[in-house]
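Visitor: Residue numbering for the sequence shown follows this note's numbering, beginning at 47 and increasing consecutively.
Okay, here's the structure, questions in a sec.
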Amino acid sequence: MTAQPPPTPPFRDPSLPFAERVDDLLARLTPAEKVAFLHQYAPAVERLGVAAFRTGQEALHGVAWMGPATVFPQAVGLGATWNTDLVRRVGEAVAKEVRAMRERDDRVGLNVWSPTVNLLRHPLWGRNEEGYSEDPKLTSAIATAFTRGLRGDHPTYWRTAPVLKHWLAHNNETDRATSSSTVRPRVLHEYDLRAFKETVEAGAVAGVMPAYNLVNGRPNHVSPYLGAELRRWTADELLVCSDAGAPSNLVDFEHYYDSHEEATAASLRAGVDSFTDHGTDGSQIVARVQGALDKGLLTEADVEVAVRRQLSVRFRLGEFDPGTDPHADGGEFDTPAHRALALEAAEQAVVLLKNDGVLPLAPDARIAVVGLLADECKLDWYSGTLIHRSTPLEGLYERFGADRVTFAEGVDRVRLETSTGAFLRVPAAPDAPDLARGAEGALDPALLAGRTDLPPLTTDAEGTELALIDWGDDVWTLRAPDGRYLSVADDGFVRASADQPGGWVVQETFRLEPHAGGHLLRHIGTGRPVSVAADGVKVADADPEVFRLVVVERGEDAVARAAARADVVVVVAGNDPHINGRETEDRSTLRLPEHQRRLLRAARAANSRTVLALVSAYPYAVESTALPAVLWSAHGGQAAGIALARVLAGDVSPAGRLPQTWYESDADLPDLLDYDVIGGRQTYLYFEGTPLFPFGHGLSYTSFGYADLSTHVGDTAVRVSFTVTNTGDVTGDEVAQLYTRAVEPSVVRPRRELLAHRRITLAPGERAELSFDVPLDSFAFWDVALGGWRLEPGPYDLLVGTSSEDTRLRATVLLEGTPAAPRPVLRRRLEAADFDEQGGAAIVDRTKEAGDAVTPAVGRSAELLYRDCDFEDGVTEVTARLAGEGTLELALDGGPVLASLTLKPEEPGDPYVYTTLGAGIVAEGVHDVRLRLRGPLRLAYVGFSG
47 MTAQPPPTPP FRDPSLPFAE RVDDLLARLT PAEKVAFLHQ YAPAVERLGV
97 AAFRTGQEAL HGVAWMGPAT VFPQAVGLGA TWNTDLVRRV GEAVAKEVRA
147 MRERDDRVGL NVWSPTVNLL RHPLWGRNEE GYSEDPKLTS AIATAFTRGL
197 RGDHPTYWRT APVLKHWLAH NNETDRATSS STVRPRVLHE YDLRAFKETV
247 EAGAVAGVMP AYNLVNGRPN HVSPYLGAEL RRWTADELLV CSDAGAPSNL
297 VDFEHYYDSH EEATAASLRA GVDSFTDHGT DGSQIVARVQ GALDKGLLTE
347 ADVEVAVRRQ LSVRFRLGEF DPGTDPHADG GEFDTPAHRA LALEAAEQAV
397 VLLKNDGVLP LAPDARIAVV GLLADECKLD WYSGTLIHRS TPLEGLYERF
447 GADRVTFAEG VDRVRLETST GAFLRVPAAP DAPDLARGAE GALDPALLAG
497 RTDLPPLTTD AEGTELALID WGDDVWTLRA PDGRYLSVAD DGFVRASADQ
547 PGGWVVQETF RLEPHAGGHL LRHIGTGRPV SVAADGVKVA DADPEVFRLV
597 VVERGEDAVA RAAARADVVV VVAGNDPHIN GRETEDRSTL RLPEHQRRLL
647 RAARAANSRT VLALVSAYPY AVESTALPAV LWSAHGGQAA GIALARVLAG
697 DVSPAGRLPQ TWYESDADLP DLLDYDVIGG RQTYLYFEGT PLFPFGHGLS
747 YTSFGYADLS THVGDTAVRV SFTVTNTGDV TGDEVAQLYT RAVEPSVVRP
797 RRELLAHRRI TLAPGERAEL SFDVPLDSFA FWDVALGGWR LEPGPYDLLV
847 GTSSEDTRLR ATVLLEGTPA APRPVLRRRL EAADFDEQGG AAIVDRTKEA
897 GDAVTPAVGR SAELLYRDCD FEDGVTEVTA RLAGEGTLEL ALDGGPVLAS
947 LTLKPEEPGD PYVYTTLGAG IVAEGVHDVR LRLRGPLRLA YVGFSG
């Protein structure tokens with residue numbers, strides 16, 4: 047008799063629904079196996095044939111950290127395209143490369159941690175490059191497109207499983223693991239949640255990653271909004287993956303919990319499903335979860351909820367169905383189509399900010415290309431390794447010919463003299479190419495990548511001429527003539543060994559500190575000064591060397607020479623994404639570093655036809671008045687240089703648009719930690735000043751006419767239609783933008799707010815009709831008096847144009863809605879955080895699990911205003927729920943204090959222990975309620991009774 051093969055377990059049966067298969071597999075796992083799945087690196091279960099799995103694969107603008115891959119423009123550059131179709135195709139290409147790379151390296155994960163949808167509220171945020179826009183509507187549109195590309199179009203199986211970063215209100219690197227973002231309800235719902243919500247509702251998101259920071263005094267990794275908001279937006283199982291090290295931060299840095307078992311249990315109950323901590327070692331997380339189970343802080347059911355969510359994602363990725371998963375055969379890698387898409391994306395990301403006719407460049411123009419980024423193709427922390435590269439210089443060489451293009455980098459060329467009179471010398475690299483890189487030379491950094499056999503620096507009578515670059519904030523790099531940057535290795539010796547500055551801790555940056563008539567050269571990464579010893583040059587706390595800086599040539603002199611010989615000058619300026627603004631480090635200013643301002647001044651003085659091309663991850667405050675043309679592009683990936691050259695030449699008419707406001711000066715910016723975009727009048731939505739360049743701004747080499755605006759108010763949406771015509775001489779893209787403004791708002795509303803946009807291509811004379819159906823709830827706001835959304839009846843302007851400030855067509859529609867009504871304080875208590883205005887207040891956690899309270903942010907007092915509170919026929923008592931110590935004073939309108947409640951515990955206690963205090967009060971009718979908090983007092987709510 048022939049032995050029968052064992053039956054196929056239900057979880058292996060692709061004919062069954064995923065939910066049923068997940069249940070079957072979950073039931074087969076032991077309690078210990080389930081707990082082990084909670085770490086980022088879930089081990090294999092060999093007895094069931096279940097492979098190991100890890101959450102997390104960085105893929106922000108290409109596959110990152112896993113070697114060579116196609117590198118697309120930075121995320122902020124993709125946002126600048128305003129092109130959802132293009133971004134969807136980029137996401138699809140990235141997902142195909144993830145699959146292809148996984149075929150040859152199983153460390154490449156299919157659960158991709160991308161995109162970042164944190165709003166670019168503050169342009170000094172170090173991670174500005176990772177987000178799409180300051181506007182939630184544009185951010186969600188671009189993020190939705192990217193996640194749809196990452197997910198794929200198959201109705202059942204996903205190509206990759208995207209996880210959105212970073213939940214929630216995360217926009218500062220300064221104290222990012224301990225700072226709390228005060229986000230009042232209107233800002234929470236109208237701004238910060240909105241970018242996540244619309245993307246999740248679109249159906250291509252596998253999960254989210256909480257951020258390191260706290261929101262309203264509570265760490266994001268125990269955020270109640272994970273359940274109260276996120277998981278109500280979709281019927282799909284969403285996987286919440288912790289940020290790296292964040293589970294330990296709850297105890298070690300935030301001191302929010304006393305033990306790791308308590309913190310881990312709270313995170314799991316709040317909705318975290320996968321813990322990214324201690325690298326590949328899952329033993330500590332497993333021990334914490336098991337400890338929490340043993341102490342009764344968790345149940346096995348809590349663990350199963352998280353494991354179920356993980357398994358749901360794995361089934362959708364086709365892990366258990368290799369025979370039916372359409373993506374199982376691999377993807378596509380570095381194809382001609384991907385290379386062409388990288389160029390297309392880089393071209394579409396270029397924004398023409400100003401043009402007085404100098405662009406496009408004449409075909410026979412003699413061009414000087416100058417600046418610190420003129421021959422650079424910079425990568426950032428979330429880039430892959432370049433397979434192809436193109437710098438602006440190389441792009442212009444290719445487009446115009448080397449005989450028409452001259453180059454001056456503009457570095458300061460120096461030698462460093464020691465106290466003995468000898469000079470610092472860079473030994474030659476073994477088999478080093480005989481090429482120079484300096485004011486007028488170039489070297490492919492790839493030729494020098496990965497050198498580990500280089501000797502440390504030494505000294506001799508001649509020394510080495512070094513390229514010295516000031517990146518601002520007293521941060522400098524030094525580079526040898528062959529292109530190698532001075533770097534500090536683990537052994538402390540200084541070597542010319544790096545092709546570019548980089549790494550989690552950058553080892554290629556130094557400070558020049560005046561000392562004893564010379565300078566100390568202090569290595570920033572270690573904090574130690576450079577010393578010269580018999581065995582070489584190294585960093586050490588003892589015997590620091592005092593160097594004399596001998597300037598061989600100033601960078602502006604080389605720039606002036608090149609500029610004077612040219613018909614037009616292109617100054618390429620901007621940032622290095624690893625220096626002065628990156629993950630862990632916010633910027634200090636909008637200004638260009640002084641070194642680059644010197645070069646720009648020298649070019650302008652030598653040649654009035656000077657074009658500024660900014661290549662940066664951030665907005666800058668630049669003096670553009672005297673410049674005939676200004677462009678901006680984010681770091682554009684592998685095709686950045688040729689893309690910029692094609693735009694400068696007029697082969698491509700620029701059509702990128704600013705995804706965030708460019709301010710004139712630092713004085714226009716709020717405090718970095720002020721998250722109240724409404725009260726602080728932040729972003730284009732509320733900013734009342736004059737921007738340098740407004741949100742949505744971008745020029746073209748052609749012109750467009752707008753006409754035929756029509757509107758129709760339906761039962762659920764407003765239809766807006768208009769025509770756009772290319773009235774110029776060349777084919778170009780236009781980005782038509784539709785905004786609204788409440789004409790007679792009862793509360794502060796945006797000056798204008800993006801409702802919809804579309805990027806279209808039109809030939810000369812071509813006309814297109816555009817129509818948008820705008821849901822009526824797009825006009826609503828979060829009414830704190832109701833604790834929900836309200837569409838206010840009245841007139842709303844509909845503004846059609848080319849930016850938030852350039853309106854071409856205008857119409858006004860009357861919308862029906864729910865009229866404003868006073869707050870019924872007898873029937874609904876006054877929640878402290880539901881204020882209309884405040885001064886000096888911070889929102890904090892009412893309890894560690896849920897709820898908000900208000901306390902003075904700084905100093906000893908805070909004021910809260912609640913408008914139009916209805917006391918009806920009269921009240922006789924006020925009660926307040928208070929914790930801490932201090933006094934609460936209540937007044938109506940602008941009158942005197944009517945009630946004063948003082949909480950003075952016998953000894954300082956638990957800030958989460960609340961007491962209800964009451965006092966008599968006589969009031970009737972509708973009044974503004976004013977509350978003043980004095981001292982370290984927490985107010986949860988105020989109630990009234992008759």
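Heads up, the beta-carbon is just placed ideally off N, CA and C, and yes, glycines get one too.
Could you check whether the stretch 113-127 touches the stretch 682-690, counting it as contact only if at least three pairs of C-beta atoms, one from each stretch, sit closer than 8 Å?
Guide: Contact holds: three or more Cβ-Cβ distances are below 8 Å.
Visitor: From what residue to what residue does the beta strand (DSSP E) around Gly778 run?
Guide: Run containing Gly778: 778-788, per the beta strand (DSSP E) assignment.
Visitor: Which residue comes first and which comes last in the beta strand (DSSP E) that contains Gly212?
Guide: Reading off the sequence, residue 212 comes out as His, not Gly. Element bounds for His212: 207-213.
Visitor: Among Ala903, Pro114, Asp974, which one has its Cα closest to the Cα of Leu911?
Guide: For the residues Ala903, Pro114, Asp974, the minimum Cα distance to Leu911 belongs to Asp974.
Visitor: In chain order, what residues of the same chain have a beta carbon less than 6 Å from the beta carbon of Pro674, not counting five sequence neighbours either side?
Guide: The residues are Asp402, Val404.
Visitor: In the DSSP assignment, find the unbroken alpha helix (DSSP H) run with Phe750 in it and report its ends.
Guide: Premise fails: Phe750 lies in the beta strand (DSSP E), 750-759, not in any alpha helix (DSSP H).
Visitor: Where does Thr326 land, buried or exposed, given buried means 16+ other C-beta within 10 angstroms?
Guide: Exposed, since its Cβ has fewer than 16 Cβ neighbours within 10 Å.
Visitor: Return the bridge partner residues of Ala695 from the DSSP annotation.
Guide: None; Ala695 has no bridge partner.
Visitor: Could you please give the first and the last residue of the uninterrupted alpha helix (DSSP H) stretch that includes Ile331?
Guide: Taken as a continuous stretch (DSSP letters only), the alpha helix (DSSP H) holding Ile331 covers 329-340.
Visitor: Is it true that the CB of Val286 sits closer than 7 Å to the CB of Gly317?
Guide: A contact, by the Cβ cut-off of 7 Å.
Visitor: Between which residues of its own chain and Ala311 is the CB-CB distance below 6 Å, once the five residues before and five after are set aside?
Guide: The residues are Ala338, Leu343, Leu344.
Visitor: Pro293 lies in the alpha helix (DSSP H); which residues open and close that run?
Guide: That run of the alpha helix (DSSP H) goes 292-298.
Visitor: I'd like to confirm the pairing. Which residues does DSSP put opposite Glu815 in its beta bridges?
Guide: Per DSSP, Thr769.
Visitor: Which same chain residues end up closer than 7 Å to Lys950 when comparing Cβ atoms and leaving out the 5 residues on each side of it in sequence?
Guide: Answer for Lys950: Glu931, listed in chain order.
Visitor: What do you get for Gly253, buried or exposed, if any count of 16 or more other CB atoms within 10 angstroms of its CB means buried?
Guide: Buried, since its Cβ has 16 or more Cβ neighbours within 10 Å.
Visitor: Asp516: which of Asn772, Ala610, Glu640, Val615 sits nearest, CA to CA?
Guide: The residue with the shortest Cα to Cα distance from Asp516 is Glu640.
Visitor: DSSP beta-bridge partners for His803?
Guide: Its beta-bridge partners are Gln783.
Visitor: Measuring CA to CA, which of Val615, Thr961, Arg435 is closest to Glu455?
Guide: When each option's Cα is compared against that of Glu455, the closest is Val615.
Visitor: What number of angstroms, rounded off, separates the C-alpha of Asn626 from the C-alpha of Gly571?
Guide: Approximately 13 Å between the Cα atoms of the pair.
Visitor: Near Ser61, what residues of its chain come up, given a Cβ to Cβ distance below 7 Å and the 5 sequence neighbours on each side ignored?
Guide: Result list for Ser61: empty, nothing under 7 Å.
Visitor: Give a yes or no on contact between the stretch 410-424 and the stretch 587-594, applying the rule of three or more CB pairs nearer than 8 Å.
Guide: Short answer: they don't touch.
Visitor: Look at Arg145 and His384 and say whether their C-beta atoms are less than 7 Å apart.
Guide: Taking 7 Å as the Cβ cut-off, Arg145 and His384 do not qualify as a contacting pair.
Visitor: Given a threshold of 16 other Cβ atoms within 10 Å of its Cβ, counted over all protein chains shown, does Pro954 qualify as buried or as exposed?
Guide: Flag for Pro954 reads exposed.
Visitor: Exposed or buried, what is Leu860 when buried is set at 16 or more other beta-carbons lying within 10 Å of its beta-carbon?
Guide: Exposed.
Visitor: Sort out for me which residues DSSP pairs Met255 with in a bridge.
Guide: Per DSSP, Lys211.
Visitor: Quick one: using the 10 Å Cβ neighbour count with 16 as the cut-off for buried, is Trp835 buried or exposed?
Guide: Classification of Trp835: exposed, given that the 10 Å Cβ count is below 16.
Visitor: With 16 as the cutoff for other CB atoms within 10 Å, does Leu985 come out buried or exposed?
Guide: Per the 10 Å Cβ criterion, buried.
Visitor: Can you tell me where the alpha helix (DSSP H) with Lys584 in it begins and where it stops?
Guide: Careful: Lys584 lies outside any alpha helix (DSSP H), inside the beta strand (DSSP E) at 582-585.
Visitor: In whole angstroms, what separates the C-alpha of Arg58 from that of Leu94?
Guide: Answer to the nearest angstrom: the Cα atoms are 10 Å apart.
Visitor: Let me know the alpha helix (DSSP H) ranges lying completely inside the stretch 110-191, each 4 residues or longer, listed in chain order.
Guide: The stretch 110-191 contains these whole alpha helix (DSSP H) runs: 121-127, 130-150.
Visitor: So does Ala649 have its beta carbon nearer than 6 Å to some heavy atom of the ligand HEM?
Guide: Although the ligand HEM was asked about, the structure shown includes no ligands whatsoever.
Visitor: Does the beta-carbon of Arg134 have 16 or more other beta-carbons within 10 angstroms, so that it is buried, or is it exposed?
Guide: By the 10 Å Cβ count, Arg134 comes out buried.
Visitor: Do you know whose CA, among Leu512, Val229, Gln356, Leu166, lies nearest Asp69's CA?
Guide: Ranking the options by Cα distance to Asp69, first place goes to Gln356.
Visitor: For Thr948, which of helix, strand or coil comes out of DSSP?
Guide: Three-state result, Thr948: strand.
Visitor: Using only the alpha-carbon positions, how far apart do Ser849 and Tyr752 sit?
Guide: Ser849 and Tyr752: Cα-Cα distance of roughly 13 Å.
Visitor: Is Leu170 closer than 7 Å to Asp520 when the C-beta atoms are compared?
Guide: Not in contact: Asp520 and Leu170 (Cβ atoms no closer than 7 Å).
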